[in-house]
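Trainee:
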Amino acid sequence: MDDDEAIVNMMGQMLERLGYQVKISFSPLEAFEMFQSKPDQFDLVITDMTMPQMTGDRFSEKLREVRSDIPVIICTGHSSLIDKEKAGIMGMFYVMKPIAISGIAKMIRKVLDNTVS
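Mapping to my numbering: the sequence shown position 7 is 90, numbers consecutive.
Put into structure tokens, the structure is as follows:
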């Protein structure tokens, strides 16, 4: 989930090529509605931190009100509101943009492997 359509589309296509089923959204409100309607269909959520309508950390909180065990990866290029330590305290995984597809693929695998264990 990111408000930058080019980033979302590119990341979605790359993740699909890696074998993941992907739902994309450009709006945190739309993404939340999608998640809320079928929360058990999601294994992981990837979100940007800085977006219109809602920050990524607030979005993560709302997701966890619906399903407390949903893993969230938060991505940011620049934010004074969150860093790796704050994200960890909030139960989120943190990556800095720009990130190569190999980097996000490793993070996804790490997160999914940890949630299954």
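C-beta: ideal position from N, C-alpha, C; glycine also.
Identify whether methionine 72 lies in helix, strand or coil by the three-state DSSP scheme.
Mentor: Look at the range of the chain in this structure, 84 to 200, and you will see that residue 72 is not part of it.
Trainee: Buried or exposed: which applies to isoleucine 156, given that a residue is buried once 16 or more other Cβ atoms fall within 10 Å of its Cβ?
Mentor: Here residue 156 corresponds to residue number 73 of the sequence shown, with the count starting at 1. With 16 or more Cβ atoms within 10 Å of its Cβ, isoleucine 156 is classed as buried.
Trainee: Quick one: is leucine 164 buried, meaning 16 or more other Cβ sit within 10 Å of its Cβ, or exposed?
Mentor: Taking the sequence shown and counting its residues from 1, one reaches residue 164 at position 81. Leucine 164 is exposed by the Cβ-count criterion.
Trainee: On the CB-based measure, 16 or more other CB atoms within 10 Å of its CB, does valine 105 come out buried or exposed?
Mentor: Locating residue 105 in the sequence shown gives position 22, where the first residue counts as 1. Label assigned to valine 105: exposed.
Trainee: What separation, rounded to the nearest whole angstrom, lies between the Cα atoms of phenylalanine 142 and phenylalanine 115?
Mentor: Taking the first residue of the sequence shown as 1, we reach residue 142 at position 59. Taking the first residue of the sequence shown as 1, we reach residue 115 at position 32. Phenylalanine 142 and phenylalanine 115: Cα-Cα distance of roughly 8 Å.
Trainee: Residues in the same chain with beta-carbon distance under 6 Å from cysteine 158, minus the five sequence neighbours each way, listed in chain order, please.
Mentor: Locating residue 158 in the sequence shown gives position 75, counting from the first residue. Cβ within range, chain order: Asp131, Val178 and Lys180.
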